[in-house]
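What follows is a set of notes on a single structure, which appears directly below.
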Amino acid sequence: MTTRPQPALAARDIHKAYGKHQVLRGADLTVEPGQLVAVVGENGSGKSTLLKAIAGTLSVDSGEVRLGGELGYCPQDPVLNLNLTVDQHLQYFAAAHKLDSLDRAGELVSLLGYEKYRGTAAGELSGGTRQKLNLTLALLHDPDVLLLDEPYQGFDWETYLRFWDLVDQLHERDKAVVVITHLVFEQERFDVLADLVEGRLTPRATAVKEHSNAGV
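Quick note, the sequence shown lines up with residues 633 to 848 if you use my numbering.
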């Protein structure tokens, strides 16, 4: 008898209110290793709240989150020190994750195409380049589960395509990726699409990738 692998991410019955405003009303999300899931919702629907709850940066009123591996979180608003250069950010985060080298950082910077800014302070970067750095820092320690909140905002078309090349590489390595967005342009890229409406996640009726077996 074979046992089913544990999910990379299992969030169950997540509730969160701000005062009398109930944002999440029992949201459930399950992501298997190697799956790419989009959580779609209007502005103010609670998408970022859900991701913060899963990442553990926001306490919830009730519910449970279980992770099957190490987590990487890329928030919508980059958390950067504007006085530090790109390289200084990479060095700081590498030290925080106890990484022996910056090889992975160099690969990510090259893939996202901003090598020439490594000596530039974050405060002098464009919004799109700050977002590239934000994404790089989330991926630096090679997490098993990656949470991306509006990850390609500010990207030009070339960088947008580079982003998806990176996601494809993660998919091939069985990484679980959750993308928060208010609008999905290329639905076929995702294994699962789930709409966050009135505090609950509902999978869309149309399956996206044929190999999908995720549950929501």
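C-beta atoms are modelled at their ideal positions from N, C-alpha and C, and glycine is treated no differently.
Once you ignore the five residues that flank residue 843 on each side, which residues in its own chain have a CB closer than 6 Å to its CB?
-> Locating residue 843 in the sequence shown gives position 211, counting from the first residue. Annotation note: pLDDT 45 at residue 843 (below 50); position unreliable, no value reported.
For residue 698, the first and last residue of its enclosing beta strand (DSSP E) | Locating residue 698 in the sequence shown gives position 66, where the first residue counts as 1. Start and end: 694-699.
For residue 752, which option in 722, 707, 642 has the closest C-alpha, if you only look at C-alpha atoms?
-> Within the sequence shown, the letter at position 120 stands for residue 752. For the residues 722, 707, 642, the minimum Cα distance to residue 752 belongs to 722.
Excluding the five sequence neighbours on either side, which residues of its own chain have a C-beta within less than 7 Å of the C-beta of residue 698, listed in chain order?
-> Residue mapping note: residue 698 aligns to position 66 of the sequence shown, counting from 1. Within its own chain, the residues whose Cβ lies closer than 7 Å to the Cβ of residue 698, once the five positions on either side in sequence are excluded, are 642, listed in chain order.
Chain B within 8 Å of residue 753, Cβ atoms only = Here chain B cannot be found, since the structure has a single protein chain.
Among 693, 638, 685, 835, the one whose alpha carbon lies nearest that of residue 824 = Along the sequence shown, one-based indexing puts residue 824 at 192. Closest option to residue 824, Cα to Cα, is 835.
Alpha helix (DSSP H) segment containing residue 679, residue limits = The residue you call residue 679 lines up with position 47 of the sequence shown. 679-687 is the extent of the alpha helix (DSSP H) around residue 679.
Would you tell me roughly how many angstroms separate the C-alpha atoms of residue 845 and residue 715, rounded to the nearest one?
-> Counting from one through the sequence shown, the residue named residue 845 turns up at place 213. Counting from one through the sequence shown, the residue named residue 715 turns up at place 83. Confidence at residue 845 is low in this model, with a pLDDT of 46, below 50, so the placement of that residue is unreliable and no value is reported for it.
Whole alpha helix (DSSP H) elements within the region 786-834, 4-residue minimum | Every alpha helix (DSSP H) stretch that sits fully inside the region 786-834 and reaches 4 residues is listed by chain position as 789-804.
Starting from the C-beta of residue 684, find all residues in its chain whose C-beta is less than 6 Å away, skip the five residues before and the five after it, and write them out in chain order.
-> Here residue 684 is taken as the residue at index 52 of the sequence shown, counted from 1. Only 690 meet the Cβ criterion.
Ignoring anything shorter than 4 residues or poking outside the region 706-748, list the alpha helix (DSSP H) runs there in chain order.
-> 718-728, 735-744
Where does residue 764 sit, in a helix, a strand or coil, going by DSSP?
-> Numbered from its first residue, the sequence shown carries residue 764 at position 132. It is helical.
Return yes when the Cβ of residue 803 is within less than 8 Å of the Cβ of residue 673, no when it is not.
-> Counted from its first residue, the sequence shown places residue 673 at position 41. Counted from its first residue, the sequence shown places residue 803 at position 171. Contact flag unset, no.
Exposed unless 16 or more other CB atoms sit within 10 angstroms - verdict on residue 807 | Here residue 807 refers to the residue found at position 175 when the sequence shown is read from its first residue. So residue 807 ends up on the buried side.
If you compare alpha carbons, which of 809, 828, 789 is closest to residue 703?
-> As a working note, residue 703 is residue 71 in the sequence shown. Its Cα nearest to that of residue 703, the residue 809 stands out among 809, 828, 789.
Determine the extent of the beta strand (DSSP E) in which residue 670 is found, giving its start and end residues.
-> As a position in the sequence shown, residue 670 is number 38, starting the count at 1. Looking at the DSSP string, the run of the beta strand (DSSP E) that includes residue 670 is 668-672.
How many angstroms separate the CA atom of residue 740 from the CA atom of residue 652?
-> For the purposes of this step, residue 740 is taken as residue 108 along the sequence shown, with counting starting at 1. For the purposes of this step, residue 652 is taken as residue 20 along the sequence shown, with counting starting at 1. Taking the straight line from one Cα to the other gives about 43 Å.
Could you give the distance in angstroms between the alpha-carbon of residue 747 and the alpha-carbon of residue 718?
-> Mapped onto the sequence shown, residue 747 falls at position 115. Mapped onto the sequence shown, residue 718 falls at position 86. About 9 Å.
To the nearest angstrom, how far is it from the Cα of residue 656 to the Cα of residue 819?
-> Your numbering for residue 656 matches position 24 in the sequence shown. Your numbering for residue 819 matches position 187 in the sequence shown. Those two C-alpha atoms are separated by around 24 Å.
Would you report the Cα separation of residue 640 and residue 663, rounded to the nearest angstrom?
-> Taking the first residue of the sequence shown as position 1, residue 640 is located at position 8. Taking the first residue of the sequence shown as position 1, residue 663 is located at position 31. Their Cα atoms are separated by approximately 6 Å.
Over the uninterrupted beta strand (DSSP E) stretch that includes residue 654, give me the two end residues.
-> Within the sequence shown, the letter at position 22 stands for residue 654. Unbroken beta strand (DSSP E) run through residue 654: 653-663.
Grab me the residues of residue 736's own chain with a C-beta within less than 7 Å of its C-beta, minus the 5 sequence neighbours each way, in chain order.
-> Position 104 of the sequence shown, counting from 1, holds the residue named residue 736. Here the set comprises 772, 774.
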